[in-house]
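*Asks:*
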Amino acid sequence: MATSLHNLSDYDPQSVPSATGMRFGIVVSDWNSKITGALMRGAFDTLIANGAKEEDIYVKNVPGSFELIFGAAQFVKSGKVDAVIAIGCVIRGDTPHFEYICQGTTQGLATLNTDYDVPVVYGLLTCNNMEQAEDRCGGMLGNKGDECAVTAIKMADYRRSFGNQ
Ligand code: DLZ
């Protein structure tokens, strides 16, 4: 869980398997694009820094966070990737919409993880305000995109340990 004591970009490079030869899908929500763009760049750069080839990283955009479910499902079913990173940012507003989008998106992404054999990494920021989002996409708490990339590599490696290529 992210706290003011935990920089999301901190990780031990020794603990991360090589991403060379792995293929990744990144699906990015256009809502709050300044935030999601920074998260995507963090994820992309961290995959590259750990050995992934640029041509093995596929980036697709969807309109909003709720569409991350369908967007991620397309990658999962394509058979082209070892892991998917779903990136979005929901900011609390005046109505209960925030709860519905967050819960629906979270449940949808969780279901993909149980129904298919390609891991989907949860890169959804669920923030009370824009400041919290900025802190988590390259600000004082690091970049959650970096954290998602490390998780995607570890999960792709885990999947391969079961013989899935
Ligand atoms: C409608 C909506 C609202 C109000 N807020 C956000 C948000 O903060 N972040 C986000 O990613 N998407 C938001 N959306 C759009 C929904 O995710 C979705 O795209 C629409 O409800 C259409 O299905």
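Each residue of the sequence shown is one higher than the last, beginning at 15 in this note's numbering.
Where a beta carbon is used, it is the ideal one built from N, C-alpha and C, also for glycine.
From a predicted model like this one, the values you see are computed outputs, not experimental measurements.
When every heavy atom of ligand 1 is checked, does at least one fall within less than 8 Å of the C-beta of C103?
*Replies:* yes
*Asks:* Is D149 buried or exposed, if buried means 16 or more other CB atoms sit within 10 Å of its CB?
*Replies:* buried
*Asks:* Taking buried to mean at least 16 other C-beta atoms within 10 Å of its own C-beta, is F80 buried or exposed?
*Replies:* By the 10 Å Cβ count, F80 comes out buried.
*Asks:* Between which two residues does the alpha helix (DSSP H) containing L126 stretch?
*Replies:* 111-129
*Asks:* Residues in the same chain with beta-carbon distance under 6 Å from C103, minus the five sequence neighbours each way, listed in chain order, please.
*Replies:* N46, I49, T50, L139, A147
*Asks:* Please name the residue, chosen from Q179, M169, C162, that lies closest to D24 on a Cα-to-Cα basis.
*Replies:* C162
*Asks:* With a 10 Å radius around its C-beta and 16 neighbouring C-beta atoms as the bar for buried, classify P110 as buried or exposed.
*Replies:* exposed
*Asks:* Are the CB atoms of G152 and G137 nearer to each other than 9 Å?
*Replies:* no
*Asks:* Is there at least one non-hydrogen atom of ligand 1 closer than 8 Å to the beta-carbon of T128?
*Replies:* No, the beta carbon of T128 sits no closer than 8 Å to any heavy atom of ligand 1.
*Asks:* Report the rounded CA-to-CA distance for V83 versus Q117, giving the unit in angstroms.
*Replies:* Per the sequence shown, residue 83 should be read as Ile rather than Val. Each residue's Cα considered, the two are about 12 Å apart.
*Asks:* Do T119 and ligand 1 come close, with the Cβ less than 8 Å from some heavy atom?
*Replies:* yes
*Asks:* Could you tell me the distance, in whole angstroms, from the CA atom of N64 to the CA atom of P27?
*Replies:* 8 Å
*Asks:* Roughly how many angstroms separate the alpha carbons of Y72 and Y114, rounded to a whole number?
*Replies:* 28 Å
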